[in-house]
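Here's the structure, in structure tokens; my notes come after.
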Ligand code: ADP
Ligand code: MG
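Numbering (the numbering used here), first residue to last: 13 to 486.
This is the structure we're talking about:
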């Protein structure tokens, strides 16, 4: 497969001029982040890092990723409604992982009290890498699915114009026209709008649970703007504000500062450091309410790595999606090797395999947000340490995907323009809305391509490792 832009990457002076043009266009388009120095203010902002050129992606794999997205929506929704599956799957993990255990506690409490929420909204992003097979062909392999705070739909809606600009500067108008249009922020907003409408209270608001320090605010604003254009008002509040000022009435309707909330959209609350005791209490209050949570606690749990690993067991998809053999086949085709590390023979064998060939595996804890996985020597040390303790059940082992590297320039504020060897990760945004037992919306709403230098094993855009990109279909 052709992998790159060839001779264009050789001419350093041309790259620098192109980079200047690209950065100015990115700023003009709103491909923005707040700075690490001032993460709570928009006084000074910068461009979000991105690639100078769009990266080549096989059209067939793009189409495959789009085609399986509705299946993933159905699967996540099915898992979230299957309390027995969640309980069984997470039973060993929650004994050893306090964070997952606390989420699970809330899930149990809500189930015991009875779920007041009747409309369910999923905004997720399924991420893939392109495995480079021995015969040279690429294969789409899922890395994970994000069911909470799946980000960059807003900025990804604005990057196609930047890459078209770069190609147009080079008089590559035919190539520029091949960059796909992409508007996930609109699709995500339409999902929220549908949930808001079904909640059925014209004056109710959307409550976005925000972090105090949020560099990625423009990504979120893109969705807020789409909602406001549809006359749906969004308020941004922190968990601390919910703790202080949130309340439920007799019917468990949620009120914030005296205003009714129809939809709670979490852009916080996906990692342990984001929860103080008060924040846990605020989360419980939100979960107990009849407002539409995106995601509700069960859907967040459905996105854990332990669930991902259990879904890959032979026969599991068939149980969760009965009578849908084609969906099952599409889903299974994207699964990489996933292995349980629960105590017992199966886990022992997985550990032995990883220790025998460390470069072929990744060790993953139940965490989100990048930078938590272990590779190579670090993985070996961790496995040696964990292997005789029940703590190992809080991790899963995954086959390491090895894409074929290609050259591109990663543009970052303050960094020189230079060509790096890179690999990409493709995300597809999925949206679904369910009212009671009836699915009223199920669709894909766009994509995100992120690219990073191969020297980094882990980490996304927020972690400062990957940068925004666009697929150039070939
Ligand atoms: P997180 O929830 O922290 O985003 P991920 O499972 O997405 O966790 O892993 C973070 C990053 O690590 C990914 O974006 C990818 O770059 C890398 N990674 C994860 N799993 C694999 C894998 N199986 N093979 C190769 N790289 C991986
Ligand atoms: Mg990830």
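Beta carbons are placed, not taken as given, at the ideal position from N, Cα and C, and that holds for glycine.
Predicted model only: the values in this text are computed from it and were never measured.
Judged by their CB atoms, residue 193 and residue 237 are not nearer to each other than the 9 Å cut-off.
If only uninterrupted beta strand (DSSP E) runs of at least 3 residues are considered, those enclosed by the region 117 to 154 are 131 to 144. In terms of CA proximity to residue 21, 431 leads the group 431, 479, 468.
Residue 135 is positioned such that its CB atom lies no closer than 9 Å to that of residue 452.
In this structure, residue 383 has its beta carbon at no less than 8 Å from each heavy atom of the ligand MG. When beta bridges are read from the DSSP output, residue 259 appears opposite 267. For residue 425, the closest of 447, 400, 324, 39 by C-alpha to C-alpha distance is 39.
Secondary structure of residue 282 (DSSP, three-state): coil. A distance criterion of 8 Å places the beta-carbon of residue 253 beyond contact range of the ligand ADP, judged by its closest non-hydrogen atom. When the Cα atoms are used, residue 405 and residue 395 turn out to be separated by approximately 11 Å. Counting other Cβ atoms within 10 Å of its Cβ, residue 257 stays below 16 and is therefore classed as exposed. Non-local beta-carbon contacts of residue 224 in its own chain, meaning distances under 7 Å to residues more than five positions away in sequence, involve 52, 250 in chain order.
Proximity of the region 216 to 236 to the region 30 to 48 meets the contact definition, three or more beta-carbon pairs being nearer than 8 Å.
Closest in alpha carbon position to residue 273, among 158, 252, 301, is 301.
The region 365 to 446 contains, as complete alpha helix (DSSP H) runs of 4+ residues, the segments 388 to 398 (chain order).
For residue 107, the enclosing alpha helix (DSSP H) covers residues 95 to 108. The C-beta of residue 241 has fewer than 16 other C-beta atoms within 10 Å across all chains shown, which makes the residue exposed.
Between residue 101 and residue 311, the alpha-carbon positions lie close to 14 Å from each other. Between the alpha carbons of residue 164 and residue 65 lies a gap of roughly 18 Å. By the C-beta criterion, the region 375 to 387 is judged to be in contact with the region 306 to 325, since at least 3 inter-stretch pairs fall below 8 Å. A straight-line Cα-Cα distance of about 7 Å links residue 324 and residue 347.
Contact between residue 41 and residue 174 is confirmed by a C-beta separation of about 6 Å, below the 8 Å threshold. In this structure, residue 469 keeps its C-beta atom at 9 Å or more from the C-beta atom of residue 434. Placement of the Cβ of residue 156 at a distance of less than 8 Å from at least one heavy atom of the ligand MG is found.
Assigned with DSSP and collapsed to three states, residue 171 falls in helix.
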